[in-house]
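In our numbering, the protein residues as written are 51 to 446.
Cβ atoms here follow ideal geometry from the backbone N, Cα and C, with glycine treated the same way.
Below is one structure, written out as structure tokens, with a few remarks after it.
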Ligand code: SAH
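This is how it looks when you write it as structure tokens:
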């Protein structure tokens, strides 16, 4: 097995169990390794640090599989990692019994580059690193065996793959496509998910608990759900007793799915829901001009800042929508505002929202801070794994 020798001092982040090794930390590779091969990671003084997957093209030149230098990386290793990830979730009461669940959250579950989401009896897998690619067969088999799921779809289409020199690969690995849409339950609401063409693996499971909170807060309120996608927040708001739910998204297909999702849940009062295909930036202004008012607004925009380099432009976009949302709220109203941008930390996000409230001329306070659901854990030494943050603010 090839040895990856680090530059002096560059073992420190590994000793803190950070799983990435950047190109600048690498002194040399001794021996031969192809993309995705397992290498032994060794400090400049010769001390063994663990095993990693070699990625010759990526700036992240290696990702740690194990910090135990004697651990063997084989099929059994992946079985153990999958079993541990499932056991973590089974131990959390809020997760056990969920039909829609992230089973593997990449680095934070000890499997860099691997995502696995479960929707009922279907698994959706995404491999985005050279090491994950190399072991995709073993990982898929371990997940299939541990879950008993009969349908497995691979959705390896993340942009990240390009950085690792990997081409897109999508398709059914097990079980075939059916004409029946895939439907699963989230907190008592049936949701259709398109694993082939939907966003991410088809759905935004990370917002599951925050959608439940919306349901708890929606009673008697007029709700505006911006960036509604397939209507997750909207349907929970209806279930919670909202008196009106206006939902905005720029994607026609997402809104079509949202409409079907409403029909899938006949106990909800469909007359209270309105779906509008619109650009949220424009529509918030139009709603203001029309003198509309809301008592609860959800802002869950797409990732405006994938990295810190995009933070400035993204900050302006976040400020714009938050400012206009504050202006549309009645006194006593609630704003649930999110950022899923890795390039914007919580402190900066709070500053942006504070600036928006100031410019909107409203007196706002934070009453809850929100993150992704517990099936998206964050390894303590891997802050890069934390991307979703939310604030619930009251105004007036
Ligand atoms: N809240 C959703 C997820 C939102 S994802 C849920 O709980 O499932 C972000 C959504 O924003 C996508 O559906 C995308 O189509 C939409 N979108 C992106 N830019 C937009 C814009 N400028 N105006 C309106 N919608 C937009």
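Delimiting residues of the beta strand (DSSP E) encompassing residue i
{"i": "residue 101", "result": "98-104"}
{"i": "residue 388", "result": "379-389"}
{"i": "residue 73", "result": "Run containing residue 73: none; DSSP gives neither H nor E here."}
{"i": "residue 439", "result": "439-445"}
{"i": "residue 173", "result": "172-177"}
Secondary structure of residue i, DSSP reduced to three states
{"i": "residue 68", "result": "coil"}
{"i": "residue 428", "result": "coil"}
{"i": "residue 254", "result": "coil"}
{"i": "residue 238", "result": "coil"}
{"i": "residue 59", "result": "coil"}
{"i": "residue 155", "result": "strand"}
{"i": "residue 363", "result": "helix"}
{"i": "residue 299", "result": "strand"}
{"i": "residue 357", "result": "coil"}
{"i": "residue 275", "result": "strand"}
{"i": "residue 342", "result": "coil"}
{"i": "residue 395", "result": "coil"}
{"i": "residue 289", "result": "helix"}
Beta-carbon spacing of residue i, residue j below 7 Å
{"i": "residue 329", "j": "residue 380", "result": "no"}
{"i": "residue 56", "j": "residue 77", "result": "yes"}
{"i": "residue 236", "j": "residue 432", "result": "no"}
{"i": "residue 434", "j": "residue 428", "result": "no"}
{"i": "residue 386", "j": "residue 442", "result": "yes"}
{"i": "residue 116", "j": "residue 101", "result": "yes"}
{"i": "residue 199", "j": "residue 173", "result": "yes"}
{"i": "residue 489", "j": "residue 371", "result": "Only positions 51 to 446 of the chain appear in this structure, which leaves residue 489 out of reach."}
{"i": "residue 111", "j": "residue 80", "result": "no"}
{"i": "residue 269", "j": "residue 291", "result": "yes"}
{"i": "residue 402", "j": "residue 369", "result": "yes"}
{"i": "residue 376", "j": "residue 417", "result": "no"}
{"i": "residue 261", "j": "residue 282", "result": "yes"}
{"i": "residue 295", "j": "residue 263", "result": "no"}
Straight-line Cα distance separating residue j from residue i
{"i": "residue 304", "j": "residue 205", "result": "18 Å"}
{"i": "residue 129", "j": "residue 168", "result": "17 Å"}
{"i": "residue 113", "j": "residue 378", "result": "46 Å"}
{"i": "residue 203", "j": "residue 217", "result": "17 Å"}
{"i": "residue 105", "j": "residue 225", "result": "31 Å"}
{"i": "residue 214", "j": "residue 165", "result": "16 Å"}
{"i": "residue 125", "j": "residue 181", "result": "13 Å"}
{"i": "residue 62", "j": "residue 118", "result": "15 Å"}
{"i": "residue 420", "j": "residue 315", "result": "27 Å"}
{"i": "residue 331", "j": "residue 298", "result": "10 Å"}
{"i": "residue 187", "j": "residue 399", "result": "40 Å"}
{"i": "residue 382", "j": "residue 248", "result": "36 Å"}
{"i": "residue 122", "j": "residue 302", "result": "49 Å"}
{"i": "residue 333", "j": "residue 405", "result": "21 Å"}
{"i": "residue 193", "j": "residue 410", "result": "49 Å"}
Contacts around residue i, its chain only, beta-carbon distance under 8 Å, and the 5 residues preceding and following it disregarded
{"i": "residue 352", "result": "277 and 390"}
{"i": "residue 256", "result": "152, 390, 422, 423, 426 and 438"}
{"i": "residue 92", "result": "53, 54, 55, 56, 98 and 99"}
N- and C-terminal bounds of the alpha helix (DSSP H) containing residue i
{"i": "residue 129", "result": "125-140"}
{"i": "residue 194", "result": "186-197"}
{"i": "residue 313", "result": "302-314"}
{"i": "residue 204", "result": "Unbroken run through residue 204 is the beta strand (DSSP E), 201-206; no alpha helix (DSSP H)."}
{"i": "residue 221", "result": "Careful: residue 221 lies outside any alpha helix (DSSP H), inside the beta strand (DSSP E) at 219-224."}
Beta-carbon contacts of residue i that lie in its chain and below 7 Å, excluding the five residues immediately before and after
{"i": "residue 310", "result": "242"}
{"i": "residue 447", "result": "In this structure the chain extends from 51 to 446, so residue 447 is not present and cannot be described."}
{"i": "residue 208", "result": "176 and 178"}
{"i": "residue 68", "result": "431 and 432"}
{"i": "residue 293", "result": "270, 271, 272 and 322"}
{"i": "residue 133", "result": "196"}
Same chain only: Cβ atoms within 6 Å of residue i, ignoring 5 sequence neighbours per side
{"i": "residue 414", "result": "407, 443 and 445"}
{"i": "residue 183", "result": "86, 177 and 216"}
{"i": "residue 367", "result": "354"}
{"i": "residue 240", "result": "233, 314 and 315"}
{"i": "residue 275", "result": "283, 284, 297 and 348"}
Proximity test, residue i beta-carbon vs ligand 2 heavy atom, cut-off 6 Å
{"i": "residue 352", "result": "In terms of ligand content, the structure shown lacks ligand 2 and carries ligand 1 instead."}
Cutoff 7 Å: residue i Cβ touching any chain C Cβ
{"i": "residue 202", "result": "Looking at the structure shown, chain C is missing, and only one protein chain is on hand."}
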